[in-house]
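Structure record follows, encoded as structure tokens.
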Amino acid sequence: MSSVSVRQLTLRFPVYGLDAKSLKRHLARVAVGGRLSAARRGLQVVTALDNVSFELRGGDRLGLVGHNGSGKTTLLRALSGAYLPDVGEIEIHGRVASLLDLSLGIDPTATGIDNIFLRGRVAGLSTAAIQERLEAISEFSGLGPYLAMPLKTYSAGMQARLAFAVATSVDAEVLLMDEWFAVGDADFQEHAQARLKGLVERANVLVLASHDHDLLRAYCNKVMRLDGGRASPVVDIAQLDELLHAPAP
Amino acid sequence: MSSAYTHLTGHRGHLAEARAALDDVRRALGRSGLAVSLAWHDIVARYRGSILGPLWITLSMAAMVAGIGLLYAQLFRLSLAEYVPFLALGIVIWGMISTTIVESCDTFTHAAGMLRQTSLPLLIFPVRTVLRNLINLAHHVVIVVVVLALFTPWREIDLAAALLGLALVVVNLVWVTTVVGIVAARFRDIPQIVAAVVQFAMFMTPVFWRPEAIPERHLVLTLNPFHYMIAAVRRPLLGEPGEPGAYAILAALALAGWALAFGLYVITRRRIVHYL
Chain H
1 MSSVSVRQLT
11 LRFPVYGLDA
21 KSLKRHLARV
31 AVGGRLSAAR
41 RGLQVVTALD
51 NVSFELRGGD
61 RLGLVGHNGS
71 GKTTLLRALS
81 GAYLPDVGEI
91 EIHGRVASLL
101 DLSLGIDPTA
111 TGIDNIFLRG
121 RVAGLSTAAI
131 QERLEAISEF
141 SGLGPYLAMP
151 LKTYSAGMQA
161 RLAFAVATSV
171 DAEVLLMDEW
181 FAVGDADFQE
191 HAQARLKGLV
201 ERANVLVLAS
211 HDHDLLRAYC
221 NKVMRLDGGR
231 ASPVVDIAQL
241 DELLHAPAP
Chain A
250 MSSAYTHLTG
260 HRGHLAEARA
270 ALDDVRRALG
280 RSGLAVSLAW
290 HDIVARYRGS
300 ILGPLWITLS
310 MAAMVAGIGL
320 LYAQLFRLSL
330 AEYVPFLALG
340 IVIWGMISTT
350 IVESCDTFTH
360 AAGMLRQTSL
370 PLLIFPVRTV
380 LRNLINLAHH
390 VVIVVVVLAL
400 FTPWREIDLA
410 AALLGLALVV
420 VNLVWVTTVV
430 GIVAARFRDI
440 PQIVAAVVQF
450 AMFMTPVFWR
460 PEAIPERHLV
470 LTLNPFHYMI
480 AAVRRPLLGE
490 PGEPGAYAIL
500 AALALAGWAL
510 AFGLYVITRR
520 RIVHYL
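So the sequences go chain by chain: H and A.
Read in my numbering, the first sequence has 80 at position 80, and its numbers run on one by one without any break.
Here my numbering = 1-based position in the second sequence + 249.
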């Protein structure tokens, strides 16, 4: 049974390579983002997540809501293992797949097929295992002959189809998604929803960050609100409206 | 259900960090197949859409060897048979070393897309940079074979010693790439400094000129790690006696360098992704 357990997670990151002095002048009027504070040696530090705790079990589909810069993506990156906690801990049972950045840093001249292989390799599949799934992935992506074309010729929706097709084919048990996959068209949305339902039925965990409340209602059964890095308790999706109108956590 | 399990915690003291870093090294070794895939993809991507493809690597190097060989043999008043094999090996080995070091600056910055959304062990990326350059080097084997066959009909080539030398060079390059990659990700002036240092080192190292041309035990030779790296591979292939102490020095350098790289990694492992 896959599960995700986050306890007292605090994540701060130093912001390098900017003129800390000029930024300080604007500190007083920060409307978005985590709380900024000056650390030693004038390095700017953002507290992106502040004492966040929650538990998810197999079958949970958690939606994350919150303003731009409230910590949604940072939380997803922390769950993916890219950002290590400063305080607290994250415990995950199950294989994690994340769909956060579309490009994954793969060069734009690589073809769709190359992308399937590289993404599959990065996700931990062997070349033989990818070969086995190649047909299924190609079919689900719906890209047909475009798979032989370089990625730079793809629209955002086509890239999303490809990334989604691979990420949901690697036997992920914990799937992390930022809302970009909403760029797909209606046909793709329908397929994607069916596939996500299937994943969750097999007792997996989905964490999805989005500003689109209808999307959250369609995909999630639980929701958590982030505000300036602080998290609300996890509540049922039916209470989404109350959660949004409640005072900041 | 698979047994995949992830446990990430906050900083719990230097000992725990060192242990976690060691675990990262182990995970990186477990994913070395990915480093090979990425390195291979880098080469394929670089020459996609070009007609001659990776043959360009070989051709451009061959042109350089021919041009510099003919000119410098006259400048140095050496016979072609004496100078061209020496030069070809020098350029090929130095090319691998210098390109690896220059490219090491991008080791982590180029992988930002992957590092920001996966828990891939960071250390596979230095291995990728070095492997990419080894694949490049493999394209030059043709030149080396042709030159050796053309100019030296019979020589006692000690292939085993040359391969040992190459292995030591590679082990050293991986730690250099790790250190330079981390530092260059943090400080964006480093790539320019590295490029300048590597260019300077090219002229200070016996790549084009024979080490016998300057007094024995000159500091430019004895204190120059690149001199030992090139000699460890080149001399056995030219059928010359091995450079005294070169292997021991390279092994010691590898140990010291790995200690440095590991220490740096222990300190920065939580921060590297934020540098990007």
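Glycine is no exception: its CB is placed at the ideal position from the N, C-alpha and C atoms.
Because the structure is a prediction, the values reported are computed rather than measured.
In this structure, how does DSSP classify A:F400 when only helix, strand and coil are distinguished?
Position 151 of the second sequence, counting from 1, holds the residue named residue 400 of chain A. Helix at A:F400.
Straight-line gap, A:D407 to A:L486 (C-alpha atoms, nearest Å)
By one-based count along the second sequence, residue 407 of chain A stands at place 158. By one-based count along the second sequence, residue 486 of chain A stands at place 237. In this structure, the straight-line span from the alpha carbon of A:D407 to that of A:L486 is close to 6 Å.
Can you look up H:D227 in the DSSP assignment and give me helix, strand or coil?
Indexing the first sequence from 1 puts residue 227 of chain H at position 227. DSSP places H:D227 within a strand segment (E or B) once states are collapsed to three.
Backbone secondary structure at H:E55 - three-state DSSP
Translated into positions along the first sequence, residue 55 of chain H becomes position 55. Residue state for H:E55 is assigned as strand, using DSSP reduced to three classes.
Under a three-way DSSP split, which group does H:G184 fall into?
The residue labelled residue 184 of chain H in the question sits at position 184 within the first sequence. In this structure, H:G184 counts as coil in the three-state DSSP scheme.
Determine the chain A residues that contact H:V207 at a beta-carbon separation under 7 Å, and present them in chain order.
As a first step, residue 207 of chain H must be located in the first sequence, where it is residue number 207. Listed along the chain, the chain A residues whose CB falls inside 7 Å of the CB of H:V207 amount to none; the nearest CB is some 13 Å away.
Answer yes or no: do A:I350 and A:A284 have a C-beta to C-beta separation smaller than 8 Å?
For this step, residue 350 of chain A is matched to residue 101 along the second sequence. For this step, residue 284 of chain A is matched to residue 35 along the second sequence. Their beta carbons are not under 8 Å apart, which means A:I350 does not touch A:A284 by this criterion.
So what's H:Q189 in DSSP terms, helix, strand or just coil?
Indexing the first sequence from 1 puts residue 189 of chain H at position 189. For H:Q189, the three-state secondary structure derived from DSSP is helix.
Cα separation between H:V256 and H:D236?
Beyond the ends of chain H as shown, which are 1 and 249, falls residue 256 of chain H; an answer cannot be given.
Check whether the region 313-332 of chain A and the region 365-383 of chain A touch, using three or more Cβ-Cβ pairs below 8 Å as the test.
Touching, no.
Please state if the CB of A:A510 and the CB of A:L499 are separated by a distance shorter than 8 Å.
Stepping through the second sequence from its first residue, residue 499 of chain A is reached at position 250. Stepping through the second sequence from its first residue, residue 510 of chain A is reached at position 261. No, they are not a contact pair.
Determine the contact status of A:G339 and A:I479, defining contact as a CB-CB distance below 8 Å.
Working through the second sequence from its first residue, we reach residue 339 of chain A at position 90. Working through the second sequence from its first residue, we reach residue 479 of chain A at position 230. Taking 8 Å as the Cβ cut-off, A:G339 and A:I479 qualify as a contacting pair.
My output table needs one value for H:A209: the three-state DSSP class, helix, strand or coil.
Reading the first sequence from its first residue, position 209 is the one you call residue 209 of chain H. In the structure shown, H:A209 sits in a strand (DSSP, three-state: E or B).
Cβ of A:T367 within 8 Å of any chain H Cβ
Start at 1 with the first residue of the second sequence, and residue 367 of chain A comes out as number 118. Yes, its Cβ sits closer than 8 Å to a Cβ of chain H.
Name the two residues that bound the continuous alpha helix (DSSP H) containing A:I442.
Within the second sequence, numbered from 1, the residue matching residue 442 of chain A stands at position 193. Its alpha helix (DSSP H) spans residues I439 to M453.
Boundaries (first-last residue) of the beta strand (DSSP E) holding H:R7
Counting from 1 along the first sequence, the entry for residue 7 of chain H is found at position 7. From DSSP, the beta strand (DSSP E) with H:R7 extends over S3 to V15.
Contact list for A:S299 against chain H, beta-carbon separation under 7 Å
To locate residue 299 of chain A, count along the second sequence from 1; it is residue 50. The premise fails here: A:S299 is roughly 11 Å from chain H at the closest Cβ pair, so nothing lies under 7 Å.
Against chain H, with Cβ distances strictly below 8 Å, would A:A265 count as a contact?
For the purposes of this step, residue 265 of chain A is taken as residue 16 along the second sequence, with counting starting at 1. Answer no: the Cβ-Cβ gap between A:A265 and chain H never drops below 8 Å.
At the 8 Å Cβ level, is A:V376 part of the contact set with chain H, yes or no?
What you label residue 376 of chain A is simply residue 127 of the second sequence in a count that begins at 1. Closer than 8 Å: no.
Going along chain H, which residues have a C-beta under 7 Å from A:A206?
An answer regarding residue 206 of chain A cannot be provided, because it is not within the stretch 250 to 525 covered by chain A.
With respect to the beta strand (DSSP E) encompassing H:H93, which residues constitute its N-terminal and C-terminal limits?
Indexing the first sequence from 1 puts residue 93 of chain H at position 93. Unbroken beta strand (DSSP E) run through H:H93: V87 to H93.
Interface residues of the region 67-99 of chain H facing chain A [CB-CB below 7 Å]:
Residues passing the 7 Å Cβ filter: R77, S80, G81, A82, Y83, L84, P85, D86, V87, G88, E89, I90, E91, I92, H93, G94, R95, V96 and S98.
When you compare each of A:A503, A:F475, A:V522 and A:R459 to A:R326 by their alpha carbons, which one comes out closest?
Numbered from its first residue, the second sequence carries residue 326 of chain A at position 77. Of A:A503, A:F475, A:V522 and A:R459, the residue nearest in Cα terms is A:R459.
Which complete alpha helix (DSSP H) runs does the region 303-377 of chain A hold, if anything under 4 residues is left out?
Scanning the region 303-377 of chain A for uninterrupted alpha helix (DSSP H) segments of 4 residues or longer gives 304-324, 329-353 and 361-364, listed from N- to C-terminal end.
Which chain H residues are close to A:V379, counting only those with a beta carbon under 7 Å from its beta carbon?
For the purposes of this step, residue 379 of chain A is taken as residue 130 along the second sequence, with counting starting at 1. A:V379 does not reach chain H, its nearest Cβ partner there being about 18 Å away, counting only Cβ pairs nearer than 7 Å.
The beta strand (DSSP E) that contains H:R277, what's its start and end?
Absent from the structure is residue 277 of chain H, since the part of chain H shown begins at 1 and ends at 249.
Candidates H:Y16, H:V46 and H:V52: closest to H:T10 by CA position:
The residue given as residue 10 of chain H occupies position 10 in the first sequence. When each option's Cα is compared against that of H:T10, the closest is H:V52.
I want to see whether chain A comes within less than 8 Å of H:D212, judged by CB atoms only; does it?
Taking the first sequence and counting its residues from 1, the one referred to as residue 212 of chain H is at position 212. The beta-carbon of H:D212 is placed no less than 8 Å from the nearest beta-carbon of chain A.
Would you decide whether H:M224 is buried or exposed? Buried here means 16 or more other CB atoms lie within 10 Å of its CB.
Start at 1 with the first residue of the first sequence, and residue 224 of chain H comes out as number 224. It is buried - the Cβ of H:M224 has at least 16 other Cβ atoms within 10 Å.
CB H:A248 to CB H:D227, shorter than 8 Å?
For the purposes of this step, residue 248 of chain H is taken as the residue at position 248 of the first sequence. For the purposes of this step, residue 227 of chain H is taken as the residue at position 227 of the first sequence. Yes, they are a contact pair.
Compare the C-alpha of H:T127 against each of H:A78, H:F117 and H:A136 and name the closest.
Here the question's residue 127 of chain H lines up with position 127 in the first sequence. Cα-wise, what sits closest to H:T127 is H:F117.
Name the chain C residues that come within less than 8 Å of H:S103, Cβ to Cβ?
Judged by its chain identifiers, the structure shown contains no chain C, and its protein chains are H and A.
Grab me the residues of A:V428's own chain with a C-beta within less than 7 Å of its C-beta, minus the 5 sequence neighbours each way, in chain order.
Reading the second sequence from its first residue, position 179 is the one you call residue 428 of chain A. Result list for A:V428: L509, A510 and L513, in chain order.
How would you write the range of the alpha helix (DSSP H) that H:A97 sits in, first residue to last?
For this step, residue 97 of chain H is matched to residue 97 along the first sequence. Per DSSP, H:A97 belongs to no alpha helix (DSSP H); it is in the beta strand (DSSP E), V96 to L99.
Please go through the same chain and pick out, in chain order, the residues whose beta-carbon is closer than 7 Å to the beta-carbon of H:S138, but skip the five residues on each side of it.
The residue labelled residue 138 of chain H in the question sits at position 138 within the first sequence. If you ignore the 5 residues before and after H:S138, its C-beta comes within less than 7 Å of the C-beta of L147, all in its own chain and listed in chain order.
Quick check: is the beta carbon of H:D241 nearer than 8 Å to any beta carbon in chain A?
Working through the first sequence from its first residue, we reach residue 241 of chain H at position 241. Taking 8 Å as the threshold, the shortest C-beta distance from H:D241 to chain A does not fall below it.
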